[in-house]
Amino acid sequence: MNIRERTYAVIRATAAQKREERQNLVARLREDEKFDEMLRRSNSLRWDRLLKKGAEKDEAEAVLKTTEEEIKQYLLAKGYTEEILSDTASCDFCNDTGVYQGQMCECAKRVFFELSEQRSPLLSGLPDGLAQVDYSVYDGNEKTYRKYASFMKKRMVDGDLSFAVVSGKAGTAKTYLSCVSAREYMKKGNDVLAINALRLNQKFLAYHCAFLESKQELWDELSRPDLLYIDDLGVEPILNNVTVTYLYALLVDRMDKKTIITTNLDQLKLEERYGQRILSRLLDKRKGAMLTFEGEDLRF
Numbered sequence: 248m249n250i251r252e253r254t255y256a257v258i259r260a261t262a263a264q265k266r267e268e269r270q271n272l273v274a275r276l277r278e279d280e281k282f283d284e285m286l287r288r289s290n291s292l293r294w295d296r297l298l299k300k301g302a303e304k305d306e307a308e309a310v311l312k313t314t315e316e317e318i319k320q321y322l323l324a325k326g327y328t329e330e331i332l333s334d335t336a337s338c339d340f341c342n343d344t345g346v347y348q349g350q351m352c353e354c355a356k357r358v359f360f361e362l363s364e365q366r367s368p369l370l371s372g373l374p375d376g377l378a379q380v381d382y383s384v385y386d387g388n389e390k391t392y393r394k395y396a397s398f399m400k401k402r403m404v405d406g407d408l409s410f411a412v413v414s415g416k417a418g419t420a421k422t423y424l425s426c427v428s429a430r431e432y433m434k435k436g437n438d439v440l441a442i443n444a445l446r447l448n449q450k451f452l453a454y455h456c457a458f459l460e461s462k463q464e465l466w467d468e469l470s471r472p473d474l475l476y477i478d479d480l481g482v483e484p485i486l487n488n489v490t491v492t493y494l495y496a497l498l499v500d501r502m503d504k505k506t507i508i509t510t511n512l513d514q515l516k517l518e519e520r521y522g523q524r525i526l527s528r529l530l531d532k533r534k535g536a537m538l539t540f541e542g543e544d545l546r547f
């Protein structure tokens, strides 16, 4: 189940749980014979109002109004409102389906973002977009970092770039700006997975060792997201027949999607470590680009 399917499943499950809780609450209240009798009387009067005419109908309307007021006051005394008697949806727009006018409803988007952050904690606690970043913290390099951000916004978040390799020494904000870029893409309603290279390598190994019937689900987790963010490529150990083999296969699978990679390695070291085939995929002139963040460690 992908994250969009999980989102709609959560919406449906939450609605069903609220409906069951409401029904159980009403059932407990109806154990009071007085309240149960009021509800029965109001239901009967609603039918009488429809069937009767003239003065009899007016009389039924008046009695119904009085009964409904009694029910209202009874519920208020118990700390509830009349809403518990109606099977109303939590969301007036999508009626708890998660879809409004053919698009993901705002209520579903909130669940989608929560699930996305739980799955990719690297993206939590960040600005929702590159425009919200405080570039003044980069001192004399503010103009340069704005240029980096502009490129990521134009080519990755809004553009047709498939691969962005962001290289630089530790502490040069490459991870921060890359994560904000990924989060901005996520806020547009896209499926985004953020994972560090060590964890990615573990998933490659799990796939390599998995039984045939389990392989597709494991692979889809990495290949299916609209954007995959890989942090710190180069820190993971190279496992024979695993790391380079499956990284190449994953990049091939993701040619028509988006992948952001941060690394401390420059272009030459990337090629030495992963080979020319992988580098050519990442730096394809039509699909890929490499940004090199210069400067000293900003964490100190």
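Read in this note's numbering, the sequence shown has 273 at position 26, and its numbers run on one by one without any break. Yeah, the Cβ is synthetic: ideal placement off N, Cα and C, and Gly gets one too. Owing to the predicted nature of the structure, the values given are computational and were not obtained by experimental measurement.
Fill in: E316 versus F340: straight-line alpha-carbon distance, rounded
As a first step, residue 316 is located in the sequence shown; it is residue number 69 there, counting from the start. As a first step, residue 340 is located in the sequence shown; it is residue number 93 there, counting from the start. Taking the Cα positions, E316 is about 29 Å away from F340.
Item to complete: Return yes when the Cβ of E483 is within less than 8 Å of the Cβ of N448, no when it is not.
Response: To locate residue 448, count along the sequence shown from 1; it is residue 201. To locate residue 483, count along the sequence shown from 1; it is residue 236. N448 is a Cβ neighbour of E483, given a cutoff of 8 Å.
Worksheet item: Can you tell me whether DSSP reads T490 as helix, strand or coil?
Response: Counted from its first residue, the sequence shown places residue 490 at position 243. Three-state DSSP puts T490 in a helix.
Item to complete: Look at the alpha carbon of N487 and the alpha carbon of F359, and state the distance between them as a whole number of angstroms.
Response: Within the sequence shown, numbered from 1, the residue matching residue 487 stands at position 240. Within the sequence shown, numbered from 1, the residue matching residue 359 stands at position 112. Taking the Cα positions, N487 is about 37 Å away from F359.
Worksheet item: Looking only at its own chain, which residues have a Cβ that is under 7 Å from the Cβ of L311, when we skip the five neighbours before and after it?
Response: By 1-based counting over the sequence shown, the position of residue 311 is 64. A distance below 7 Å between beta-carbons, with the five flanking residues on each side excluded, links L311 to the following residues of its chain, in chain order: S289, L292, R293, R296.
Worksheet item: Who are the Cβ neighbours of C352 in its own chain at under 7 Å, not counting the five residues just before and after it?
Response: Position 105 of the sequence shown holds residue 352. Non-local beta-carbon contacts of C352 in its own chain, meaning distances under 7 Å to residues more than five positions away in sequence, involve C338, F340, C341, G345, V346 in chain order.
Worksheet item: Are there 16 or more other CB atoms within 10 angstroms of the CB of D381, so buried, or fewer, so exposed?
Response: Position 134 of the sequence shown, counted from the first residue, corresponds to residue 381. Exposed, because fewer than 16 other Cβ atoms sit within 10 Å of the Cβ of D381.
Item to complete: Evaluate contact between the stretch 467–479 and the stretch 438–457, counting only Cβ atoms and requiring at least three cross-stretch pairs below 8 Å.
Response: With a cut-off of 8 Å, the stretch 438–457 and the stretch 467–479 count as touching, because enough Cβ pairs lie within range.
Worksheet entry | CA-to-CA distance, I250 to A536, given in whole angstroms | In the sequence shown, counting from the first residue as 1, residue 536 sits at position 289. In the sequence shown, counting from the first residue as 1, residue 250 sits at position 3. The alpha-carbon atoms of A536 and I250 are separated by roughly 28 Å.
Fill in: Proximity below 8 Å, CB of F410 to CB of T506
The sequence position of residue 410 within the sequence shown is 163, counting from 1. The sequence position of residue 506 within the sequence shown is 259, counting from 1. Yes. Within cutoff.
Worksheet item: When the distance is taken between beta carbons, is S371 closer than 8 Å to T509?
Response: If you number the sequence shown from 1, residue 509 lands on position 262. If you number the sequence shown from 1, residue 371 lands on position 124. Going by C-beta atoms, T509 is not nearer than 8 Å to S371.
Practice prompt. Name the two residues that bound the continuous alpha helix (DSSP H) containing V358.
Written response: In the sequence shown, counting from the first residue as 1, residue 358 sits at position 111. For V358, the enclosing alpha helix (DSSP H) has its first and last residue at 353–366.
Worksheet item: To the nearest angstrom, how far is it from the Cα of K265 to the Cα of Y321?
Response: Looking up residue 265 in the sequence shown gives position 18. Looking up residue 321 in the sequence shown gives position 74. Each residue's Cα considered, the two are about 22 Å apart.
Practice prompt. Would you mind working out which of A262, L538, E280 sits nearest G415, comparing C-alpha positions?
Written response: Here residue 415 refers to the residue found at position 168 of the sequence shown. When only C-alpha atoms are compared, the closest one is L538.
Discussion item. Distance check for S470 and D500, CA to CA, integer angstroms please.
Written reply: Locating residue 500 in the sequence shown gives position 253, counting from the first residue. Locating residue 470 in the sequence shown gives position 223, counting from the first residue. Cα atoms of D500 and S470: separation of roughly 6 Å, rounded to the nearest angstrom.
Worksheet entry | Inter-residue spacing [alpha-carbon to alpha-carbon] between P368 and M285 | Residue numbering aside, residue 368 sits at position 121 when the sequence shown is read from its first letter. Residue numbering aside, residue 285 sits at position 38 when the sequence shown is read from its first letter. Taking C-alpha positions only, P368 is separated from M285 by approximately 52 Å.
Discussion item. Assuming contact is defined by CB atoms lying nearer than 8 Å, are V413 and K421 in contact in what I supplied?
Written reply: Here residue 413 is taken as the residue at index 166 of the sequence shown, counted from 1. Here residue 421 is taken as the residue at index 174 of the sequence shown, counted from 1. Yes; because the gap between Cβ atoms is below 8 Å, this pair is in contact.
Worksheet item: Taking the beta strand (DSSP E) that M537 falls in, what are its first and last residues?
Response: The residue labelled residue 537 in the question sits at position 290 within the sequence shown. Start and end: 535–540.
Worksheet item: Which whole-angstrom value is the C-beta distance of F540 and T490, which I expect to be below 8 Å?
Response: As a working mapping, residue 540 is identified with position 293 in the sequence shown. As a working mapping, residue 490 is identified with position 243 in the sequence shown. Distance from F540 to T490 at the Cβ level is roughly 24 Å; contact not present, criterion being Cβ atoms closer than 8 Å.
Fill in: In chain order, each beta strand (DSSP E) run of at least 3 residues that lies wholly inside the stretch 448–498
As for any beta strand (DSSP E) of minimum length 3 sitting wholly inside the stretch 448–498, the runs are 474–480, ordered along the chain.
Item to complete: Spell out the partners DSSP gives F410 in its beta bridges.
Response: Stepping through the sequence shown from its first residue, residue 410 is reached at position 163. Answer by DSSP bridge pairing, in chain order: T506, G535.
Fill in: C-alpha distance - T391 paired with Q379, whole-angstrom precision
Within the sequence shown, the letter at position 144 stands for residue 391. Within the sequence shown, the letter at position 132 stands for residue 379. CA-CA distance, T391 to Q379, rounds to 16 Å.
Item to complete: With I442 as the anchor, note down where its beta strand (DSSP E) starts and where it stops.
Response: As a first step, residue 442 is located in the sequence shown; it is residue number 195 there, counting from the start. Segment 439–443, the beta strand (DSSP E) holding I442.
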